[in-house]
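Q: Going by UniProt numbering, the first residue of the sequence shown is number 1, and it counts up by one from there.
The structure under discussion is supplied below as structure tokens; questions concerning it will follow.
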Amino acid sequence: MRLVPYPEDAVRRYRQAGLWGTATIATEFHRVAQAHPDRDAVVALEGRLTYRELDRWTDRVAAGLAALGLRPGDPVLFQVSNRLESVVAWYGVLKAGLVPVATLAAHRGHEIGEISRRIGAVAHLVQAGQRNFDLVGFAQAHRRNHPTLRHVLVLGDDPRGEPLGALGRDADPAAARALVEEIQTGIGPDDVAVHQLSGGTTGVPKVIPRRHAEYWYNALEYARSFGWTPQTRVAHLIPIIHNAGIVCAVHAPHSLGACLVLGSPDLDESLPLMAREGATHVLLGHGHYRAAEHPGFAAATKAVTQVVLSGAKVPAALFDGLEARGLWSGQLFGMGEGLFLTTRPGAPRSARATTVGTPLSALDEVRILEPGTETELADGTVGELSCRGPYTLCGYYDADEHNARAFTSDGFYRTGDLAVVRQLDGGRYISIEGRIKDLINRGGEKINAEEVELLLLRHPRITAAAVVAMPDPRLGERTCAYLVVDGAAVGLPEVQEHFAALDVAKFKWPERIEQVPEIPRTLVGKIDKKRLAAEISRKIAAEKAGTC
Ligand code: AMP
């Protein structure tokens, strides 16, 4: 089955409880825009748009996309960074009834080739003028021999593609609105709205279909859980075309008339923007856990009343340091597959400091299972975090075999994360304790170990490979590859050349090579990754201490 629907009784329950609406994302956005026309919808480094401006511009873009011949349901690959026009593209594409596919600007031929064929992409949106890589040239080349892929759309200026921002420039606003309404009438609230990508657990990345009503609900509940109002100004520095970006920074503020203050990962430009725009809320990913050390942090957080930390375990010193500055801090665990856990206003300090809190929705169901079984574990025992609920997927796209392993017999999604329920101040809060899934979390980008190992094995002299996470002070983790080679040593430069030749996204390239005579295995014959990860951690610590 390509798309696994939510069970009918669950759909009924979520609607009866008032969690799911009956409109598409484009219609929900338009309603909010009409209620708050003069408020800022997005303020970015390059400019700002009110709700009225964003709503009208995206109507025109939708009309322009339709005029190009794009039809409802057509998938559009997104490879753009945090630009004002990225938000325009997002709603323009949704208003045209097209389905954004949240690939990354960092993806290359290896990833895009596979995903775009699997999904039958019809258009490819890329950003012009990228400093280190010609994304427009890449998109043009990628289109060759790809029968479904007919259009290259660009953000910015480049004659090799259709400039998205100018699409429908001459369209009559009333006609564009009428066209959008007609398109949206043909789309159901439970139809697929967006394809997100999973870090995955095996092989190629899995596609996560997100549907209109559940995806909008996910964001609205997030905004409500933090008590946001139309006056809230949400700063976001990590990529927006990711699940956390779309839910927490685009849809959540736009579900209630609040403003997105859209920065970039570069603190030198984003912190002054936050200061100028009076950001009241900021989500800090692992790559920004040291943001408070930046000289611009105090000014940037003058109006901030909520800091949310996400992506990796929060060190006590970081949490205490933020609170000592008078910044209320909480945590978020989120995943493209659905489930969000948050510590929100009202949660005791101990829970905010040491746990990721509680599920977002009253109808989320969470179980901690003994790994590999369906046995539920008692509070206080670490096991696999599993969940079912009103915004958690029921199956990856076109992945029956994988789905059979990824869900329990009663439809709980096995997250691959290890968690424990802790009782604190009379409440039950979830703490993340590690993971079973074999991936590297490089500053929030997930790298699938098996995918990298298979790529390494395509090198003619590599006969065995095991990839593990090594600790890194800035990114949390980086990739270390243990290799067995035939003949002369294979060094890091050679491995990098190999990955470049295979056109693999750079963040997946191994960053350290350890050559070994053989890969250690456990008693049952599996690669002993625990041992390798412990060994590389020890080695790095010794190198730092100067004892090696
Ligand atoms: P993504 O779907 O890319 O957002 O990645 C989701 C994964 O990121 C989760 O399954 C976790 O492994 C990891 N993750 C997200 N938030 C946290 C957190 N607060 N603490 C630890 N790991 C996290």
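Note that CB positions come from ideal geometry on N, CA and C, so glycine has one too.
What are the complete beta strand (DSSP E) segments, minimum 3 residues, inside the region 428-505?
A: 439-442, 445-448, 462-472 and 476-485
Q: I'd like to know if Trp228 contacts chain C, where contact means its C-beta is closer than 8 Å to some C-beta of that chain.
A: Given the protein chain composition of this structure (a single chain), no chain C is represented.
Q: Identify the continuous beta strand (DSSP E) that holds Met335 and give its terminal residues.
A: Ser329 to Met335
Q: Any chance the region 140-154 sits against the region 118-125, with 3 or more Cβ pairs inside 8 Å?
A: yes
Q: Three Cβ pairs or more, each shorter than 8 Å: is that satisfied between the region 15-31 and the region 203-218?
A: Segment contact: the region 15-31 against the region 203-218, three or more CB-CB distances shorter than 8 Å; contact assigned.
Q: Under the criterion of a Cβ to heavy atom distance below 7 Å, does Asn441 qualify as lining the ligand AMP?
A: yes
Q: Is Asn243 near the ligand AMP, going by C-beta to nearest heavy atom under 7 Å?
A: It does: the Cβ of Asn243 is within 7 Å (strictly closer) of some heavy atom of the ligand AMP.
Q: Taking its Cβ as the centre, do 16 or more other Cβ atoms sit within 10 Å of Gly372, making it buried, or is it exposed?
A: Exposed: under 16 other Cβ atoms inside 10 Å.
Q: Quick one, are the C-beta atoms of Gln79 and Gln140 less than 8 Å apart?
A: no
Q: Any heavy atom of the ligand AMP within a distance shorter than 7 Å of the CB on Lys95?
A: When distances are taken from the beta-carbon of Lys95 to the heavy atoms of the ligand AMP, even the shortest one reaches 7 Å or more.
Q: For Cys248, name the three-state secondary structure that DSSP assigns.
A: Three-state result, Cys248: helix.
Q: Taking Arg144 as the reference, give the member of Pro460, Gly109, Glu477 and Val356 with the closest Cα.
A: Gly109
Q: Can you list, in chain order, the stretches of the alpha helix (DSSP H) that have 4 or more residues and sit fully within the region 269-334?
A: Complete alpha helix (DSSP H) runs here, min 4: 297-300 and 316-324.
Q: Mind checking whether Leu237 and His294 have CB atoms under 8 Å apart?
A: no
Q: Kindly give me the distance between the Cβ atoms of Glu337 and Ile540, rounded to whole angstroms, as I take these residues to be in contact under 8 Å.
A: With 8 Å as the limit, Glu337 and Ile540 do not qualify as a contact, their Cβ atoms being about 31 Å apart.
Q: Hey, how far is the Cα of Arg224 from the Cα of Gly334?
A: 16 Å
Q: Sorted by chain position, which residues of the same chain lie with C-beta nearer than 6 Å to Glu111's C-beta, five sequence neighbours on each side aside?
A: Ala505
Q: Only counting the same chain, and skipping five residues up and downstream in sequence, which positions put a Cβ closer than 6 Å to that of Arg531?
A: Pro520
Q: Kindly give me the distance between the Cβ atoms of Pro37 and Arg52, rounded to whole angstroms, as I take these residues to be in contact under 8 Å.
A: 4 Å
Q: Could you tell me which of Ala292, Ala299, Gly296 and Lys302 sits nearest to Ala317, measuring between CA atoms?
A: Ala292
Q: Ordered along the chain, which non-local residues of its own chain (more than five positions away) have a Cβ less than 6 Å from that of Leu332?
A: Within the same chain, and ignoring the five residues on either side of Leu332 in sequence, the residues whose Cβ sits closer than 6 Å to its Cβ are Val308, Ser310 and Thr342.
Q: Would you check whether the ligand AMP has a heavy atom nearer than 7 Å to the C-beta of Gly338?
A: no
Q: In whole angstroms, what is the alpha-carbon distance linking Gly339 and Asp486?
A: In the sequence under discussion, the amino acid at residue 339 is Leu, which differs from the Gly named in the question. Between Leu339 and Asp486, the C-alpha separation is close to 45 Å.
Q: Jot down the residue ranges of each uninterrupted beta strand (DSSP E) in the region 339-369, minimum 3 residues, whole runs only, in chain order.
A: For secondary structure counted as the beta strand (DSSP E) over 3 or more consecutive residues, the region 339-369 holds these complete runs in sequence order: 365-369.
Q: Let me know the secondary structure DSSP gives Leu262 once reduced to three states.
A: strand
Q: Is the Cβ-Cβ distance between Ala44 and Leu84 less than 8 Å?
A: yes
Q: What do you reckon, are the CB atoms on Thr358 and Tyr413 nearer than 8 Å?
A: no
Q: What do you get for Gln16, buried or exposed, if any count of 16 or more other CB atoms within 10 angstroms of its CB means buried?
A: exposed
Q: For the ligand AMP, is there a heavy atom less than 7 Å away from the beta-carbon of Ala223?
A: no
Q: Starting from the Cα of Glu445, find the closest Cα among Ser198, Asp55, Ala10 and Leu68 and give me that residue.
A: It is Ser198.
Q: Distance check for Leu327 and Gln306, CA to CA, integer angstroms please.
A: 6 Å
Q: Per DSSP, what are the beta-bridge partners of Leu49 in this structure?
A: Val42
Q: Quick one: measure Cβ to Cβ for Leu54 and Ala33, integer angstroms, because I've assumed they're closer than 8 Å.
A: 7 Å between Cβ atoms; contact.
Q: Taking Gly168 as the reference, which of Leu454, Val93, Gly137 and Pro7 has the closest Cα?
A: Ranking the options by Cα distance to Gly168, first place goes to Val93.
Q: Cβ of Arg435 within 7 Å of any heavy atom in the ligand AMP?
A: For the ligand AMP, at least one heavy atom lies less than 7 Å from the Cβ of Arg435.
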